[in-house]
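In numbering that gives the first Met the number 0, the protein residues as written are 0 to 154.
Every residue, glycine too, gets a C-beta built ideally from N, C-alpha and C.
Quick caveat, the model's predicted, so the values are computed rather than measured.
Below is one structure, written out as structure tokens; the observations come after it.
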Amino acid sequence: MSAVFKPVEAEFEPMSESWLDAVGAIEQQAYVHPWTRGNFLDSMRSGYQAQVLLAGADILGYFVAMKGVDEVHLLNLTVAPGFQGQGWARVMLDALALWSRSQGAQWLWLEVRVSNGRAQQIYESHGYRRVGERKGYYPDAGGRREDAVVMSLKL
């Protein structure tokens, strides 16, 4: 007997201050070194593309990206822990690519922790390629630093 799949209707909404308590709670659950409320506020005030993916009142995930001259830099993409493994990261990556193309971007760039193999696999399956490493890019436990894998996608 197969499981019955119930489709979920999801929609994007611009991130605003009213979402930051809920987004902050997800950051705390998802990361050892989460973004702060101030990181999100600074991003929104700088005009970065910040979107929340919603299913009803539930936040499925969110992303923040910074537009450059002919590129977009993904700064944060997070799927809420309770919704991971359901394809929502791919939905957000598709939306980011569409928006980036509409802005005239030729490339998408991101960094991901070397220890985050799951995210690297998602990005690679979406067409991103490893192009380098940044040594000591991320804070790590005990005051240490963790390297980042730099990835890019030609749009």
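- With contacts defined by Cβ atoms closer than 9 Å, A140 and V111 do not form a contacting pair.
- Excluding the 5 residues flanking it on each side, L53 has same chain C-beta neighbours closer than 8 Å at A9, E10, F11, E12, L59, in chain order.
- A direct Cα-Cα distance of roughly 32 Å separates L152 from G142.
- Excluding five sequence positions before and after G67, the CB atoms of its chain that fall closer than 8 Å to its own CB belong to A104, given in chain order.
- Following the DSSP letters along the chain, one finds Q50 inside the beta strand (DSSP E) bounded by residues 48-54.
- Partner residues in a beta bridge of A24, as assigned by DSSP, do not exist.
- With 16 or more other CB atoms across the displayed protein chains lying within 10 angstroms of its CB, E26 is buried.
- Contact check for A88 and L76: beta-carbon distance about 7 Å, within the 8 Å limit, so the pair qualifies.
- With fewer than 16 other Cβ atoms inside 10 Å of its own Cβ, A56 counts as exposed.
- Going by DSSP, R133 is part of the beta strand (DSSP E) stretching over 128-138.
- Using a Cβ distance threshold of 9 Å, L73 and L109 count as a contacting pair.
- Taking every protein chain shown into account, the CB of V31 has fewer than 16 other CB atoms within 10 angstroms, so this residue is exposed.
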